[in-house]
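Undergrad:
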Amino acid sequence: MLMSSQEFRESLRAHRPRVFVDGDRVESVADEKRLAPGIAAIGVTYDFALRPELRPLMTATDQASGRVVNRMLHVNRETRDLMSKLEAVRLLCQEVGCAQRYLTHDALNGIHQATFRTDAEHGTDYHARFLAYMREVQDEDQTLAVAMTDGKGDRSLKPHEQANADAYVRIVERRPGGIVISGVKAIVTAAPYVHGFLVMPCRAMTPDDADFALCCAVPVDAEGVTVVARPAGRPGESAAKFSGRYGQSTGVVIFENVFVPHERVFLAGEHDQAGFLAQTYATHHRHSCIAARAGFGDLLIGAGALMTEANGLDFDRHAHLRDAMVELIKIVEGFFACGVAASVYGQADASGAVMPDTVFANVGKLLLATQIYDMQRLAHTVSGGLVVALPGPDEDHNPATAASLAALLGGRANIPYDKRIAVARMMEDLTASHTGGWYSVISLHGGGSPEAMKREIFRNYPLGDRVDLVERLLDRGVVADPTRKITRNRQPGRCCVQGCSVAETEVRPTRWSA
Ligand SMILES: Cc1cc2nc3c(=O)[nH]c(=O)nc-3n(C[C@H](O)[C@H](O)[C@H](O)COP(=O)(O)OP(=O)(O)OC[C@H]3O[C@@H](n4cnc5c(N)ncnc54)[C@H](O)[C@@H]3O)c2cc1C
Numbered sequence: 031m032l033m034s035s036q037e038f039r040e041s042l043r044a045h046r047p048r049v050f051v052d053g054d055r056v057e058s059v060a061d062e063k064r065l066a067p068g069i070a071a072i073g074v075t076y077d078f079a080l081r082p083e084l085r086p087l088m089t090a091t092d093q094a095s096g097r098v099v100n101r102m103l104h105v106n107r108e109t110r111d112l113m114s115k116l117e118a119v120r121l122l123c124q125e126v127g128c129a130q131r132y133l134t135h136d137a138l139n140g141i142h143q144a145t146f147r148t149d150a151e152h153g154t155d156y157h158a159r160f161l162a163y164m165r166e167v168q169d170e171d172q173t174l175a176v177a178m179t180d181g182k183g184d185r186s187l188k189p190h191e192q193a194n195a196d197a198y199v200r201i202v203e204r205r206p207g208g209i210v211i212s213g214v215k216a217i218v219t220a221a222p223y224v225h226g227f228l229v230m231p232c233r234a235m236t237p238d239d240a241d242f243a244l245c246c247a248v249p250v251d252a253e254g255v256t257v258v259a260r261p262a263g264r265p266g267e268s269a270a271k272f273s274g275r276y277g278q279s280t281g282v283v284i285f286e287n288v289f290v291p292h293e294r295v296f297l298a299g300e301h302d303q304a305g306f307l308a309q310t311y312a313t314h315h316r317h318s319c320i321a322a323r324a325g326f327g328d329l330l331i332g333a334g335a336l337m338t339e340a341n342g343l344d345f346d347r348h349a350h351l352r353d354a355m356v357e358l359i360k361i362v363e364g365f366f367a368c369g370v371a372a373s374v375y376g377q378a379d380a381s382g383a384v385m386p387d388t389v390f391a392n393v394g395k396l397l398l399a400t401q402i403y404d405m406q407r408l409a410h411t412v413s414g415g416l417v418v419a420l421p422g423p424d425e426d427h428n429p430a431t432a433a434s435l436a437a438l439l440g441g442r443a444n445i446p447y448d449k450r451i452a453v454a455r456m457m458e459d460l461t462a463s464h465t466g467g468w469y470s471v472i473s474l475h476g477g478g479s480p481e482a483m484k485r486e487i488f489r490n491y492p493l494g495d496r497v498d499l500v501e502r503l504l505d506r507g508v509v510a511d512p513t514r515k516i517t518r519n520r521q522p523g524r525c526c527v528q529g530c531s532v533a534e535t536e537v538r539p540t541r542w543s544a
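Quick note, the sequence shown lines up with residues 31 to 544 if you use this note's numbering.
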């Protein structure tokens, strides 16, 4: 079944989650104005999947069931799937800024890989449980939030060392039919308006942290779950040209003695598997983040070009403005290209799922995380100060000022004042409002802070191959020590005998438009 956005919104009525927004208890999530932009943004992932021309991108056929499912619920089987997901997320985020639902995709793929590996190493039956659960999620076209980032308390301490044991979500009791969990997940995108949570560990665990090595699915309205959320975007603000319509809420999710039946438990104490699950999910997610921020970059490029035009300027005549625009394009397409490379070099694991290349996925995410501030600077460079200095929308209807403002603050003659300020307000919304700051922080920390990406790049980069190369060119090794650390990391399969598998993709970013 593929739902429409309207059906998605209505489906939320079947749940009665305990949600607070700005101190108020929310009785009906589906009707809460402060959450409406978030629900609308996820809704686009549903509507796009129903549009015939977008179906090849927005849907996929599940290999096991043979059913057509939303792309955001599909486990990748070929590198072509990675490309399609990348392009689907970019297209969605062009439209809504942050489509949120790709987190569901990333978690399903990570858990698929991790449960298979855990079973192989521990003789458990998590993978079969997970597949049965995923089938349900696909059949009901659900949206799941990812509850991974724990409260974490004192960052210098491990989970079991925290003064407050609930700083990380953990198993507090094992019963014949399942487990009982408690603790807090601090940042959960879309938490109030999803069907359920995928609870996952946010780090590698030691034996002392075995109770924190936990992965399970919990309905959004399970007894003992409380969501304390922020409004999605800037609902109700007339200046919020974009984020009044589409936005993202995040919630703190508190678990207080929540019972999880065995069939919804996918890791429970196998501490040596927590790191693999966290890293696998993170690689899928960073690959998605690349596409999401490329979609956001497309908005900045378009709005920047429109501001330049409305100001009466021309990229052909003003080299410094053209340079700024090219710089912005270079950043956006540069990190997106890492997403393409991560897709092309993706590899299947023993579970049959295909994962993006770790190095390229992390390099792309690292580039966008640090260059988001340059993207905003460049958008501001071409736009001018009006984006933050313009009188507010209430002034547009003030009989004492409206006419003179329209006459005095016009730009290019054939572009009316109201059109010019509409673009300026959109640029303010995207780059200089609370939402603008939000895009900076989600780019920097969402999917992991830069240090996490740097570690993954160094851990996975085939430094040993590069050392071998230079030593070969020097005719003999620099040090004859096969145990030395510098050559430990080799990566067969790339630029080597085996060769590369190039994605047989029919899709290119320029071909798809909403
Ligand atoms: C808008 C938004 C949406 C998000 N959505 C989700 C979501 O849906 N699900 C989810 O699970 N998470 C989500 N996240 C969380 C995201 O993954 C985290 O923000 C990220 O992993 C960083 O964790 P933190 O925010 O707790 O920062 P911190 O851990 O407090 O890190 C702050 C800084 O301290 C450094 N640091 C932290 N610990 C150490 C240490 N032990 N030693 C040295 N340096 C350290 C970090 O590198 C970083 O520079 C979201 C984040 C944002 C901003």
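Ideal Cβ positions, reconstructed from N, Cα and C, are used throughout, including at glycine.
#1: What does a CB cutoff of less than 8 angstroms around ASN490 pick up in its chain, not counting 5 residues either side in sequence?
#2: State the Cα-Cα distance for the pair GLY68 and ALA220, rounded to the nearest angstrom.
#3: Let's see if you can read the secondary structure: which residues bound the alpha helix (DSSP H) around THR514?
#4: Give the single residue among GLN168, ALA510, ALA66 and THR256 whose Cα lies nearest to the Cα of ARG48.
#5: Below 8 angstroms CB to CB, which residues in the same chain sit around HIS45 once its five sequence neighbours on both sides are set aside?
#6: If you follow the alpha helix (DSSP H) that ASP184 is part of, which residue opens it and which one closes it?
#7: Within the continuous alpha helix (DSSP H) that includes ALA419, where are the two ends?
#8: According to the Cβ coordinates, are TYR163 and THR145 closer than 8 angstroms?
#9: Count the other CB atoms within 10 Å of the CB of PHE488; is the residue buried (16 or more) or exposed (fewer)?
#10: In terms of alpha-carbon separation, which member of PHE78, TYR76 and THR134 lies closest to HIS104?
#11: Locate the beta strand (DSSP E) running through GLU203, then write down its first and last residues.
#12: Going by DSSP, what residues sit across from GLN377 in a beta bridge?
#13: Out of ALA454, PRO189 and ALA195, point me to the one whose CA is closest to GLY440's CA.
#14: Kindly indicate the opening and closing residues of the alpha helix (DSSP H) around CYS319.
#15: Given that a residue counts as buried once 16 or more other Cβ atoms are within 10 Å of its Cβ, and exposed if not, what is PRO206?
#16: With 16 as the cutoff for other CB atoms within 10 Å, does THR91 come out buried or exposed?
#17: DSSP three-state label for GLY523, please.
#18: Look at SER479 and ILE402 and say whether their C-beta atoms are less than 8 angstroms apart.
#19: Within its chain, find whatever has a CB closer than 6 angstroms to the CB of ALA172; leave out the 5 residues flanking it on each side and keep chain order.
#20: By the three-class DSSP mapping on this structure, what secondary structure does ASP424 have?
#21: Mind checking whether the beta-carbon of HIS225 lies closer than 7 angstroms to any heavy atom of ligand 1?
#22: Which runs of the beta strand (DSSP E) fall wholly inside the region 51-139 and span at least 3 residues, in chain order?
#23: In three-state terms, what does DSSP make of CYS246?
#24: Since SER318 and ASP136 are thought to touch, with beta carbons under 8 angstroms apart, how far apart are those beta carbons, to the nearest angstrom?
#25: Need the endpoints of the beta strand (DSSP E) that VAL295 sits in, please.
#26: What three-state label does DSSP hand LEU435 in the structure shown?
#27: Using 7 angstroms as the cut-off, classify the Cβ of LEU174 as near or not near the heavy atoms of ligand 1, replying yes or no.
#28: Rounded to whole angstroms, what's the CA-CA distance from ASP111 to HIS314? Just pull it up for me.
#29: Please determine whether the Cβ atom of GLY277 lies at a distance below 7 angstroms from any heavy atom of ligand 1.
#30: Straight-line CA distance for PHE160 to THR310?
#31: Buried or exposed: where does PRO291 fall if 16 or more other Cβ atoms within 10 Å of its Cβ makes it buried?
#32: Report yes if the C-beta of ALA177 is less than 7 angstroms from at least one heavy atom of ligand 1; otherwise report no.
#33: Which partner residues of PRO291 appear in the DSSP bridge assignment?
#34: For THR179, name the three-state secondary structure that DSSP assigns.
#35: Whole-angstrom Cβ separation of PRO189 and ALA66, contact assumed at under 8 angstroms?
#36: How do the region 231-244 and the region 189-202 stand: do at least 3 beta-carbon pairs fall below 8 angstroms, yes or no?
TA: Inspection of the coordinates gives the following:
#1: Locating residue 490 in the sequence shown gives position 460, where the first residue counts as 1. Beyond the five residues adjoining it in sequence on each side, ASN490 comes within less than 8 angstroms, by CB distance, of THR388, VAL389, ASN392, ASN519 and GLN521 in the same chain, given in chain order.
#2: If you number the sequence shown from 1, residue 68 lands on position 38. If you number the sequence shown from 1, residue 220 lands on position 190. The straight-line gap from Cα to Cα measures roughly 7 angstroms.
#3: Residue numbering aside, residue 514 sits at position 484 when the sequence shown is read from its first letter. A small correction: the amino acid at residue 514 is Arg; Thr does not occupy that position in the sequence shown. Here ARG514 belongs to no alpha helix (DSSP H), and DSSP marks it neither H nor E.
#4: Within the sequence shown, numbered from 1, the residue matching residue 48 stands at position 18. Checked all of GLN168, ALA510, ALA66 and THR256; the closest Cα to ARG48 is THR256.
#5: Against the sequence shown, residue 45 aligns to sequence position 15. If you ignore the 5 residues before and after HIS45, its C-beta comes within less than 8 angstroms of the C-beta of VAL59, HIS225, PRO249, VAL250 and ASP251, all in its own chain and listed in chain order.
#6: Here residue 184 is taken as the residue at index 154 of the sequence shown, counted from 1. No residue range can be given for ASP184, since it is assigned to no alpha helix (DSSP H) and is classified by DSSP as neither H nor E.
#7: For this step, residue 419 is matched to residue 389 along the sequence shown. Segment 416-419, the alpha helix (DSSP H) holding ALA419.
#8: Taking the first residue of the sequence shown as 1, we reach residue 163 at position 133. Taking the first residue of the sequence shown as 1, we reach residue 145 at position 115. No, these two residues do not count as a Cβ contact at 8 angstroms.
#9: Residue numbering aside, residue 488 sits at position 458 when the sequence shown is read from its first letter. Under this definition PHE488 is an exposed residue.
#10: In the sequence shown, residue 104 corresponds to position 74, counting from 1. Closest in C-alpha terms to HIS104, from the list PHE78, TYR76 and THR134, comes THR134.
#11: The residue you call residue 203 lines up with position 173 of the sequence shown. Looking at the DSSP string, the run of the beta strand (DSSP E) that includes GLU203 is 200-205.
#12: Walking along the sequence shown from the start, residue 377 turns up at place 347. By DSSP's assignment, GLN377 forms a beta bridge with MET385.
#13: By 1-based counting over the sequence shown, the position of residue 440 is 410. It is ALA454 whose Cα lies nearest to the Cα of GLY440.
#14: Position 289 of the sequence shown, counted from the first residue, corresponds to residue 319. Looking at the DSSP string, the run of the alpha helix (DSSP H) that includes CYS319 is 304-340.
#15: Taking the sequence shown and counting its residues from 1, one reaches residue 206 at position 176. It is exposed - the Cβ of PRO206 has fewer than 16 other Cβ atoms within 10 Å.
#16: Taking the sequence shown and counting its residues from 1, one reaches residue 91 at position 61. In summary, THR91 is exposed, with fewer than 16 beta-carbon neighbours lying within 10 Å of its beta-carbon over all protein chains present.
#17: Stepping through the sequence shown from its first residue, residue 523 is reached at position 493. At GLY523, the pLDDT of 48 sits below 50, so the modelled position is not reliable; the number obtained from the coordinates is stated separately. Under the three-state reduction of DSSP, GLY523 is assigned to coil, being neither helix nor strand.
#18: Numbered from 1 along the sequence shown, position 449 holds the residue referred to as residue 479. Numbered from 1 along the sequence shown, position 372 holds the residue referred to as residue 402. No, these two residues do not count as a Cβ contact at 8 angstroms.
#19: As a position in the sequence shown, residue 172 is number 142, starting the count at 1. Contrary to the premise, residue 172 reads as Gln rather than Ala in this sequence. Cβ neighbours of GLN172 beyond the five flanking positions: HIS225.
#20: Here residue 424 corresponds to residue number 394 of the sequence shown, with the count starting at 1. Here ASP424 sits in helix by DSSP.
#21: Translated into positions along the sequence shown, residue 225 becomes position 195. Using a cutoff of 7 angstroms, the CB of HIS225 does not count as near ligand 1, since none of the ligand's heavy atoms is closer than that.
#22: List check, beta strand (DSSP E) in window: 54-56, 89-91 and 98-100.
#23: Here residue 246 corresponds to residue number 216 of the sequence shown, with the count starting at 1. Taken through DSSP and simplified to helix, strand or coil, CYS246 comes out as strand.
#24: As a working note, residue 318 is residue 288 in the sequence shown. As a working note, residue 136 is residue 106 in the sequence shown. Confirmed, about 5 angstroms.
#25: Position 265 of the sequence shown, counting from 1, holds the residue named residue 295. From DSSP, the beta strand (DSSP E) with VAL295 extends over 295-298.
#26: For the purposes of this step, residue 435 is taken as the residue at position 405 of the sequence shown. Helix at LEU435.
#27: As a first step, residue 174 is located in the sequence shown; it is residue number 144 there, counting from the start. No - ligand 1 has no heavy atom lying nearer than 7 angstroms to the Cβ of LEU174.
#28: As a working mapping, residue 111 is identified with position 81 in the sequence shown. As a working mapping, residue 314 is identified with position 284 in the sequence shown. One C-alpha to the other measures close to 12 angstroms.
#29: Position 247 of the sequence shown, counting from 1, holds the residue named residue 277. No, ligand 1 has no heavy atom inside 7 angstroms of this Cβ.
#30: For the purposes of this step, residue 160 is identified with residue 130 of the sequence shown, where counting begins at 1. For the purposes of this step, residue 310 is identified with residue 280 of the sequence shown, where counting begins at 1. If you draw a straight line from the Cα of PHE160 to the Cα of THR310, it comes to about 16 angstroms.
#31: By 1-based counting over the sequence shown, the position of residue 291 is 261. It is exposed - the Cβ of PRO291 has fewer than 16 other Cβ atoms within 10 Å.
#32: Stepping through the sequence shown from its first residue, residue 177 is reached at position 147. For ligand 1, at least one heavy atom lies less than 7 angstroms from the Cβ of ALA177.
#33: Counting from one through the sequence shown, the residue named residue 291 turns up at place 261. According to DSSP, PRO291 bridges with GLY208.
#34: To locate residue 179, count along the sequence shown from 1; it is residue 149. Coil, per DSSP.
#35: In the sequence shown, residue 189 corresponds to position 159, counting from 1. In the sequence shown, residue 66 corresponds to position 36, counting from 1. Between PRO189 and ALA66 the beta-carbon gap is near 36 angstroms, outside 8 angstroms, which marks them as no contact.
#36: By the C-beta criterion, the region 231-244 is judged to be in contact with the region 189-202, since at least 3 inter-stretch pairs fall below 8 angstroms.
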